[in-house]
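Numbering of the sequence shown is given in the working numbering, commencing with residue 6 and proceeding in unit increments.
Glycine included, each C-beta is placed from N, C-alpha and C at the ideal position.
Have a look at the structure below before the remarks.
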Amino acid sequence: MPNIGFDKLFSEEEANELIPRLEILMRQLQMQATSLRARIEELSVDDPSILHSAMSEIVGRYPELRSFATNMAEAAEQIESFGCILKDIDLGLIDFPYDAGDDIVFLCWQFGESKVIAWHSVDSGFSERQPLPGAPNRYLN
């Protein structure tokens, strides 16, 4: 089966081997996002228009925010350089393209999970996660 445009197809083992590195990168990404949002909130007291501006415009007007945005971009690029897909910073979601035999699906990992325990179709998302064989259902969604 072709890998439908994905650079890499993962096995469960390969995805699980990346989790320690992904935990560090996701934690950095979340901390930078929290700091960036807090700083924008502070700036919005004197400049409420930034709450309705694009991030590139905000960073252009307030260059001191550039380091947050740069650090976030670097962490995101590092995550995606492994071949996985960053889906949501706040929820800490990363998908791994996986050959399920009949179809390509995503193994789905959420920050805080010790290993990949779920999957979902390429066309669905976190809310439609299904447990991998042997994974406890109570930890899904």
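**Prompt:** Span of the alpha helix (DSSP H) holding residue 25?
**Reply:** From DSSP, the alpha helix (DSSP H) with residue 25 extends over 17-49.
**Item:** Under the three-state DSSP convention, the category residue 129 falls into
**Value:** Three-state DSSP puts residue 129 in coil, outside helix and strand.
**Asked** So, are the CB atoms of residue 48 and residue 99 less than 8 Å apart?
**Response** No, these two residues do not count as a Cβ contact at 8 Å.
**Item:** Per DSSP, the bridge partner or partners of residue 123
**Value:** 113, 136, per the DSSP bridge assignment.
**Inter-stretch contact (C-beta, 8 Å, three-pair minimum) for the region 87-94 and the region 19-35** = They touch, by the three-pair rule.
**Among 45, 112, 34, the one whose alpha carbon lies nearest that of residue 79** = The residue from 45, 112, 34 with its alpha-carbon nearest to that of residue 79 is 34.
**Request:** For my contact list, residue 138 and residue 14 are in at a C-beta cut-off of 8 Å; report their separation, rounded to the angstrom.
**Result:** Contact check for residue 138 and residue 14: beta-carbon distance about 18 Å, past the 8 Å limit, so the pair fails to qualify.
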